[in-house]
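K.L.:
Following this message is one structure expressed as C-alpha cells.
Residue numbers (this note's numbering): 15 to 333.
If you want it as C-alpha cells, here you go:
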C-alpha cells in the first residue's frame, strides 16, 4: 500500500516538474526577441536589413564592414534587442541587398552613405546610436557629420578615423590610390579570395577554434558572385576618399562630443590598435576597451561587447 502511495506521489512530482520545465522553456521562447528579415526599396535598389526590438525603445544602427554584411551582427542583435530597437542593413553590393554591376551603380563611400541615410529616413530613425566596424566607420561618420543632431552615441569596433590606423596592410592599397593600374589592381585581387577572407576572421584571434567557418564561407560565397570582386576593387580604390575627411570627422568629435564606446580588437592587422588610441584626443565622454582578438571582434568577444554596449548606453540615459 505504501509503495503505491509513494509511486503516485512521485508521478505527481514528475508531472509538475515536467510541466514547470515546459512553461519555463515556453516563457523563454516568448521573451526572446524576434529578428525579422526585411527589404525596402531605396533609389531602385533592394536594401535588406535585420531588425529586432521594440520600436519605441532607443535605436541602434549597426553598420557592417568588408567583406561581410548584417550577418556579422547575427548574435549581437538578440543580445541588444531586449532594451533597444536594433537595425542592421546590408549595403548595396553586399549581403542580401541588390548588387548592380560597377557600370550600373556608383560604388563610392559617398553613395553608400547616401543610401544608408535614405534608408534611415524611410524607417523614421530620427535618433540613434551607431555601431561602426571597418567600412561602417566612413559610412557612419559621413552620416554623423551631416546629421549630428540624430546621433546619440558611437560604438566603435575597429573603425578608423585617424592616419595612425593606416599601417602596413594599407601599403598596396595606397599604391592603387596613387596609380590606378592593372598592375596595382592585380596585387589587391588576392584579398577577395578564400584564404584572405578566412585570414580576416582568424588572424589575431586568441582562440580561432571559437570562430565558426560559416562566417567566412558565407562571405566568400557572396564575393564569388559574378561581378562582385570588381565592386570590391572599386571600393578599395574609393577608400582613398576617406583619409582626406579624417580632419572633418575629428572636428565633429571635438565639437559635438558624442558619447563613445571603443571596443577594439587589439590584434587586428587591418586596423591596428594604433588607430584606436587617437580617439582619446578628441572625445571626452569615452569608454575604451582593447580586446584580445582580431578584426571581427564579435566572433570571439561578442558576449563581452554586448555587455559593454548595454552598460555604456545605460549610463548615458539615452531615450
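Here a beta-carbon is modelled for each residue, glycine too, at the ideal position from N, C-alpha and C. If you're wondering where the values come from, they're calculated on a predicted model, not measured in any experiment.
Does DSSP put residue 302 in a helix, in a strand, or in coil?
P.N.:
Taking the chain shown and counting its residues from 1, the one referred to as residue 302 is at position 288. Residue 302 falls in the strand class under three-state DSSP.
K.L.:
Check the C-beta distance from residue 274 over to residue 251 and give it rounded, since I have them as a contact under 8 Å.
P.N.:
The count along the chain shown starts at 1 and reaches residue 274 at position 260. The count along the chain shown starts at 1 and reaches residue 251 at position 237. Between residue 251 and residue 274 the Cβ distance is about 29 Å, and since that is not below 8 Å, they are no contact.
K.L.:
Since residue 73 is in the beta strand (DSSP E), which residue starts that stretch and which ends it?
P.N.:
Stepping through the chain shown from its first residue, residue 73 is reached at position 59. Segment 73-77, the beta strand (DSSP E) holding residue 73.
K.L.:
Under 8 Å, Cβ to Cβ, is there at least one residue of chain C near residue 261?
P.N.:
Of the chains in the structure shown, none is chain C; there is only one protein chain.
K.L.:
Considering Cα atoms alone, identify which of 325, 206, 248 is closest to residue 125.
P.N.:
Position 111 of the chain shown, counting from 1, holds the residue named residue 125. If we check each option's Cα against that of residue 125, 248 comes out closest.
K.L.:
I need the DSSP call for residue 106, collapsed to helix, strand or coil.
P.N.:
In the chain shown, residue 106 corresponds to position 92, counting from 1. Residue state, collapsed to three classes: coil.
K.L.:
From the DSSP output, in three-state form, read off residue 310 for me.
P.N.:
Taking the first residue of the chain shown as position 1, residue 310 is located at position 296. Three-state result, residue 310: coil.
K.L.:
First and last residue of the alpha helix (DSSP H) that includes residue 229?
P.N.:
On the chain shown, residue 229 is found 215 positions in, with the first residue counted as 1. Element bounds for residue 229: 227-237.
K.L.:
Would you tell me roughly how many angstroms separate the C-alpha atoms of residue 237 and residue 208, rounded to the nearest one?
P.N.:
The residue given as residue 237 occupies position 223 in the chain shown. The residue given as residue 208 occupies position 194 in the chain shown. Roughly 9 Å separates the two Cα atoms.
K.L.:
For residue 324, does the three-state DSSP call read helix, strand or coil?
P.N.:
Sequence index remark: in the chain shown, residue 324 carries index 310 (1-based). In this structure, residue 324 counts as helix in the three-state DSSP scheme.
K.L.:
Provide the residue span of the beta strand (DSSP E) that contains residue 147, from first to last.
P.N.:
The residue given as residue 147 occupies position 133 in the chain shown. From DSSP, residue 147 is part of no beta strand (DSSP E); its letter is neither H nor E.
K.L.:
Determine, using beta carbons only, whether residue 182 and residue 211 come nearer to each other than 8 Å.
P.N.:
As a working mapping, residue 182 is identified with position 168 in the chain shown. As a working mapping, residue 211 is identified with position 197 in the chain shown. The answer is no: Cβ separation not under 8 Å.
K.L.:
Does the distance from the C-beta atom of residue 325 to that of residue 315 stay below 8 Å?
P.N.:
For the purposes of this step, residue 325 is taken as residue 311 along the chain shown, with counting starting at 1. For the purposes of this step, residue 315 is taken as residue 301 along the chain shown, with counting starting at 1. Going by C-beta atoms, residue 325 is not nearer than 8 Å to residue 315.
K.L.:
Assess, as a yes-or-no matter, whether the segment 218-226 is touched by the segment 158-175 under the definition of 3 or more beta carbon pairs within less than 8 Å.
P.N.:
Contact between the segment 158-175 and the segment 218-226 is absent, because fewer than three Cβ pairs lie under 8 Å.
K.L.:
Check for me: the alpha helix (DSSP H) holding residue 195 runs from which residue to which?
P.N.:
Position 181 of the chain shown, counting from 1, holds the residue named residue 195. First-last for residue 195: undefined, no H or E at that position.
K.L.:
Using a threshold of 8 Å, state whether the C-beta atoms of residue 313 and residue 215 are closer than that.
P.N.:
Residue 313 sits at position 299 when you count from the first residue of the chain shown. Residue 215 sits at position 201 when you count from the first residue of the chain shown. Yes, the pair counts as a contact, with Cβ atoms nearer than the cut-off.
K.L.:
Along the chain, where does the beta strand (DSSP E) containing residue 66 start, and where does it finish?
P.N.:
Residue mapping note: residue 66 aligns to position 52 of the chain shown, counting from 1. Residues 59-66.
K.L.:
Which same chain residues, not among the five before or five after residue 112, have their C-beta less than 7 Å away from its C-beta?
P.N.:
As a working mapping, residue 112 is identified with position 98 in the chain shown. Here the set comprises 59, 60, 106.
K.L.:
Tell me the start and end of each unbroken alpha helix (DSSP H) in the segment 242-287 that is at least 4 residues and wholly inside, in chain order.
P.N.:
Here the runs fully enclosed are 242-252, 260-270.
K.L.:
Compute the Euclidean distance between the alpha carbons of residue 242 and residue 85, then round it to the nearest angstrom.
P.N.:
Mapped onto the chain shown, residue 242 falls at position 228. Mapped onto the chain shown, residue 85 falls at position 71. About 18 Å.
K.L.:
Mind checking whether residue 150 and residue 77 have CB atoms under 8 Å apart?
P.N.:
One-based indexing of the chain shown puts residue 150 at position 136. One-based indexing of the chain shown puts residue 77 at position 63. Going by C-beta atoms, residue 150 is nearer than 8 Å to residue 77.
K.L.:
Would you report the Cα separation of residue 137 and residue 93, rounded to the nearest angstrom?
P.N.:
Here residue 137 corresponds to residue number 123 of the chain shown, with the count starting at 1. Here residue 93 corresponds to residue number 79 of the chain shown, with the count starting at 1. So the alpha carbons of these two residues sit roughly 22 Å apart.
K.L.:
From residue 327 to residue 104, what does the alpha carbon distance come to, in whole angstroms?
P.N.:
Counting from one through the chain shown, the residue named residue 327 turns up at place 313. Counting from one through the chain shown, the residue named residue 104 turns up at place 90. Rounded to the nearest angstrom, the two C-alpha atoms are 24 Å apart.
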